[in-house]
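A.B. asks: Under our numbering, residues 916 to 1377 are what the sequence shown spells out, in order.
For each residue, glycine too, the CB sits at the ideal point set by N, CA and C.
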Amino acid sequence: MIRIFRHYLSSAYMWLMIVEFCLFYSAMYFGSEIRFLWDPSWYTDEEIYLASIIFSTVLILSCAGLGLYRRSLAWDDYELLPRVCISFSAAIFILVSIYYIFPEFQMARSVLGVALILAFIGIMLSRYLFYKYVNLERIQRRVLVVGCGEKASKLVDLNDSYLVRGFTIAGFVPIQDEKCKVDAKFIINDNQKINETADQLNIDEIVVALDDRRKSMPTDELLDCKMSGIQIMDLMSFYEREQGLIYLENLYPSWLVFSDGFAQSGLRTIGKRFFDIVASSFLLLVTWPVMLLTAIAIILESGRKAPIFYKQVRVGENNKNFNVIKFRSMIPDAEKNGAQWAQKHDNRITRVGKFIRMCRIDELPQIFNVLGGQMSFVGPRPERPEFVEGFEKRIPYYRERHRVKPGITGWAQLCYPYGADEYDTIQKLQYDLYYVKNYSLFLDLNIMLHTIEVVLWGKGAR
916 MIRIFRHYLS SAYMWLMIVE FCLFYSAMYF GSEIRFLWDP SWYTDEEIYL ASIIFSTVLI
976 LSCAGLGLYR RSLAWDDYEL LPRVCISFSA AIFILVSIYY IFPEFQMARS VLGVALILAF
1036 IGIMLSRYLF YKYVNLERIQ RRVLVVGCGE KASKLVDLND SYLVRGFTIA GFVPIQDEKC
1096 KVDAKFIIND NQKINETADQ LNIDEIVVAL DDRRKSMPTD ELLDCKMSGI QIMDLMSFYE
1156 REQGLIYLEN LYPSWLVFSD GFAQSGLRTI GKRFFDIVAS SFLLLVTWPV MLLTAIAIIL
1216 ESGRKAPIFY KQVRVGENNK NFNVIKFRSM IPDAEKNGAQ WAQKHDNRIT RVGKFIRMCR
1276 IDELPQIFNV LGGQMSFVGP RPERPEFVEG FEKRIPYYRE RHRVKPGITG WAQLCYPYGA
1336 DEYDTIQKLQ YDLYYVKNYS LFLDLNIMLH TIEVVLWGKG AR
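(1) At a cut of 8 Å, does the segment 1001–1015 reach the segment 917–926 through at least three beta carbon pairs?
(2) Which two residues bound the contiguous alpha helix (DSSP H) that contains G1305?
(3) Determine, using beta carbons only, whether F1302 and Y1313 come nearer to each other than 7 Å.
(4) Excluding the 5 residues preceding and the 5 following F936 in the sequence, name in chain order all residues of the same chain whose CB lies nearer than 6 Å to its CB.
(5) Going residue by residue through the segment 965–1046, where are the continuous alpha helix (DSSP H) segments of at least 4 residues, counting only ones entirely within it?
(6) Beta carbon of G1037, beta carbon of A1113: below 7 Å?
(7) Do R1056 and N1117 have their beta-carbon atoms positioned less than 7 Å apart in this structure?
(8) Alpha carbon to alpha carbon, how far is T1324 from Y1046?
(9) Just curious, the alpha helix (DSSP H) that F1283 is in, first and last residue?
(10) Any idea what DSSP makes of N1361, helix, strand or coil?
(11) What residue does the alpha helix (DSSP H) around T1209 start on, and which one ends it?
(12) Would you say Y928 and R986 are within 7 Å of each other, going by their C-beta atoms?
(13) Out of I1282, I1109, G1176 and D1105, which has the shortest C-alpha to C-alpha gap to I1192?
(14) Is the segment 1272–1289 in contact with the segment 1187–1201, if contact means three or more CB pairs nearer than 8 Å?
(15) Quick test of your reading: L1033 and G946, contact by CB under 8 Å. State the CB separation rounded to the nearest angstrom.
(16) Should Q1091 be labelled buried (16 or more other beta-carbon atoms within 10 Å of its own) or exposed?
(17) What does the alpha-carbon distance come out to for the pair G1186 and P1297?
(18) For the beta strand (DSSP E) containing N1086, name the first residue and the last one.
(19) Tell me which residue opens and which closes the alpha helix (DSSP H) that I1109 is part of.
(20) Do the segment 1067–1074 and the segment 1094–1104 make contact, defined as three or more Cβ pairs closer than 8 Å?
(21) Measure the C-alpha to C-alpha separation of E1232 and E1155 and round it to an integer number of angstroms.
(22) I need the DSSP call for K1220, collapsed to helix, strand or coil.
(23) Could you please give me the residues that DSSP links to K1241 through a beta bridge?
(24) My understanding is that F1082 touches I1103, with C-beta atoms under 8 Å, so please give their C-beta distance in whole angstroms.
(25) Which residue from M932, L1348, F1270 and I933 puts its Cα closest to that of M1151?
(26) Report the option in T1265, L1198 and L1073 whose CA atom is closest to the CA atom of L1215.
(27) Just reading off the beta strand (DSSP E) that V1123 is part of, what are its end residues?
(28) Between V1123 and V1172, is the Cβ-Cβ spacing less than 7 Å?
(29) Counting along the chain, where does the beta strand (DSSP E) carrying R1056 start and finish?
(30) Apply the 10 Å Cβ neighbour rule to N1353 and answer buried if 16 or more other Cβ atoms are within range, or exposed otherwise.
(31) Are the beta-carbon atoms of M1245 and G1268 separated by less than 7 Å?
(32) How is T1134 classed by DSSP in three states: helix, strand or coil?
(33) By how many angstroms is the C-alpha of L1138 removed from the C-alpha of D1119?
(34) Could you give the C-beta distance for M1363 and V1319, rounded to a whole number, given that I count them as a contact under 8 Å?
(35) Pull up the distance between the alpha-carbon of I1240 and that of I1213, whole angstroms please.
(36) If I measure Cβ to Cβ from F1177 and keep anything under 7 Å in the same chain, skipping five residues before and after, which residues do I get?
Okay, structure coming up:
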């Protein structure tokens, strides 16, 4: 894992991105060579170099937008061929748009066709080799866990569902007076010191996962390991790095006090506001025809007297309430019996509403909330006061998600499906706290790019 502006990225996927960028560049370059194998080329070398850079950049961004470089991608969500096909289709649309707006960059359809075929073959081959070799145990980080209690036991299957497992657990070191919850086959039963065990097992890092660190923390042995060059991590930092969340079950106030992040400086606030205005204005410019067609569809289905938009009170930054604006996706009297969660097959949702929810079109009017300053483009999703009041009483640290402006899209929306109950709210809070802690413009851009996957795949739509 590598950390850029406090956000963790998979080094394996970073290398894969670099390799595939080179493959895409080569596809356009050699695509031109193949096309003009027997005829004189229409293009200079400089034009081919520039066209190759544009082609590879557009393809890489399209693939990234479809989640092909997302480290938390699971086997259940893999679907390589559909993702590649859709990302290539999006890339073709973008390239044609670029060629139309800037004719000087235009390439012949025959050259583009050959380049796309070579790029497709290249990415399928690179993915086959990548997934065949990336999970070999000898190239993964070897982790030694100190502790074998309840907290330690949850690390056994932590990354088994991921396509790319960044680490392998070499074993668990039992600690005196701690009740063992880990399968005996994972326990290291010897009387060696931790540093001797780490040296024997060729350990890269040690994770301290004790149920109660006050009772039997092996401080001297861990210090010896640290001085020997082995990385020592607490459980909270390990979860933050590997899963991109703040693990509530192990969260305590002192960790929040002494951890890095949670910066809300004036310059950072100004930069985020500028980014919000630019991003929202661009999105409005691109999507206004979609918004117009949506309004017409709602009128045709529900009649002219039914409202097109739906305003609802939500909790914003510093617990201040505001009215969020959305396209109406439910029948007009959907909440005549009071506030309630949207269910998976909710009969209150209209036919148009079902479609615009699936495509996230119902969220587009929130652009005006962003331009008005009540929301940000990226941030935790705003919740209703009726729910927030109860959550703050029952869920520790829930109030902290309101330290920043809510957003149209967010880290939790990218990493976790639609929340339909309090359990889901707790899970999403862990991702929201990660965002609040590690916010940067880089993370915002990363979330915006991956939101394409959320929209096209209908992740979490309800």
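C.D. replies: Quick answer:
(1) no
(2) Residue 1305 sits at position 390 when you count from the first residue of the sequence shown. Where G1305 is concerned, the enclosing alpha helix (DSSP H) stretches over P1300 to R1309.
(3) As a first step, residue 1302 is located in the sequence shown; it is residue number 387 there, counting from the start. As a first step, residue 1313 is located in the sequence shown; it is residue number 398 there, counting from the start. Not closer than 7 Å, so no.
(4) On the sequence shown, residue 936 is found 21 positions in, with the first residue counted as 1. If we look at F936 and ignore the five residues flanking it on each side, its Cβ neighbours are S971 and I975.
(5) 995–1016
(6) By one-based count along the sequence shown, residue 1037 stands at place 122. By one-based count along the sequence shown, residue 1113 stands at place 198. Contact: no.
(7) As a working mapping, residue 1117 is identified with position 202 in the sequence shown. As a working mapping, residue 1056 is identified with position 141 in the sequence shown. Result no, Cβ atoms of N1117 and R1056 do not sit closer than 7 Å.
(8) Within the sequence shown, the letter at position 409 stands for residue 1324. Within the sequence shown, the letter at position 131 stands for residue 1046. Going from the Cα of T1324 to the Cα of Y1046 covers about 30 Å.
(9) To locate residue 1283, count along the sequence shown from 1; it is residue 368. That run of the alpha helix (DSSP H) goes I1282 to G1287.
(10) For the purposes of this step, residue 1361 is taken as the residue at position 446 of the sequence shown. N1361 falls in the helix class under three-state DSSP.
(11) Here residue 1209 is taken as the residue at index 294 of the sequence shown, counted from 1. Looking at the DSSP string, the run of the alpha helix (DSSP H) that includes T1209 is G1181 to S1217.
(12) Residue 928 sits at position 13 when you count from the first residue of the sequence shown. Residue 986 sits at position 71 when you count from the first residue of the sequence shown. Contact flag set, yes.
(13) Position 277 of the sequence shown holds residue 1192. Cα-wise, what sits closest to I1192 is I1282.
(14) yes
(15) To locate residue 1033, count along the sequence shown from 1; it is residue 118. To locate residue 946, count along the sequence shown from 1; it is residue 31. Contact holds; Cβ gap of about 6 Å.
(16) Reading the sequence shown from its first residue, position 176 is the one you call residue 1091. When all chains shown are included, Q1091 counts as exposed.
(17) The residue labelled residue 1186 in the question sits at position 271 within the sequence shown. The residue labelled residue 1297 in the question sits at position 382 within the sequence shown. Roughly 21 Å between the two C-alpha positions.
(18) Locating residue 1086 in the sequence shown gives position 171, counting from the first residue. It should be noted that the sequence gives Gly, not Asn, for residue 1086. That run of the beta strand (DSSP E) goes F1082 to V1088.
(19) For the purposes of this step, residue 1109 is taken as the residue at position 194 of the sequence shown. Per DSSP, I1109 belongs to the alpha helix (DSSP H) from I1109 to Q1115.
(20) yes
(21) As a first step, residue 1232 must be located in the sequence shown, where it is residue number 317. As a first step, residue 1155 must be located in the sequence shown, where it is residue number 240. If you take the alpha carbons of E1232 and E1155, they lie about 24 Å apart.
(22) Residue numbering aside, residue 1220 sits at position 305 when the sequence shown is read from its first letter. Residue state, collapsed to three classes: coil.
(23) Within the sequence shown, residue 1241 is the residue found at index 326, counting from 1. DSSP, once it has assigned bridges, lists Y1225 as partnering K1241.
(24) Taking the sequence shown and counting its residues from 1, one reaches residue 1082 at position 167. Taking the sequence shown and counting its residues from 1, one reaches residue 1103 at position 188. Incorrect: roughly 17 Å between the Cβ atoms, too far for contact.
(25) If you number the sequence shown from 1, residue 1151 lands on position 236. Checked all of M932, L1348, F1270 and I933; the closest Cα to M1151 is L1348.
(26) In the sequence shown, counting from the first residue as 1, residue 1215 sits at position 300. Of T1265, L1198 and L1073, the residue nearest in Cα terms is T1265.
(27) Residue numbering aside, residue 1123 sits at position 208 when the sequence shown is read from its first letter. Where V1123 is concerned, the enclosing beta strand (DSSP E) stretches over E1120 to V1123.
(28) Numbered from 1 along the sequence shown, position 208 holds the residue referred to as residue 1123. Numbered from 1 along the sequence shown, position 257 holds the residue referred to as residue 1172. No, the pair does not count as a contact, with Cβ atoms beyond the cut-off.
(29) Here residue 1056 corresponds to residue number 141 of the sequence shown, with the count starting at 1. Run containing R1056: R1056 to V1061, per the beta strand (DSSP E) assignment.
(30) Against the sequence shown, residue 1353 aligns to sequence position 438. Under this definition N1353 is a buried residue.
(31) Counted from its first residue, the sequence shown places residue 1245 at position 330. Counted from its first residue, the sequence shown places residue 1268 at position 353. For M1245 and G1268, yes; Cβs fall inside 7 Å.
(32) Within the sequence shown, numbered from 1, the residue matching residue 1134 stands at position 219. Here T1134 sits in helix by DSSP.
(33) Translated into positions along the sequence shown, residue 1119 becomes position 204. Translated into positions along the sequence shown, residue 1138 becomes position 223. Going from the Cα of D1119 to the Cα of L1138 covers about 15 Å.
(34) Translated into the one-based positions of the sequence shown, residue 1363 becomes position 448. Translated into the one-based positions of the sequence shown, residue 1319 becomes position 404. With a Cβ gap of about 16 Å, M1363 and V1319 do not count as contacting.
(35) Residue numbering aside, residue 1240 sits at position 325 when the sequence shown is read from its first letter. Residue numbering aside, residue 1213 sits at position 298 when the sequence shown is read from its first letter. The straight-line gap from Cα to Cα measures roughly 15 Å.
(36) Locating residue 1177 in the sequence shown gives position 262, where the first residue counts as 1. Closer than 7 Å at the Cβ level, and outside the excluded window around F1177, lie V1351 and K1352.
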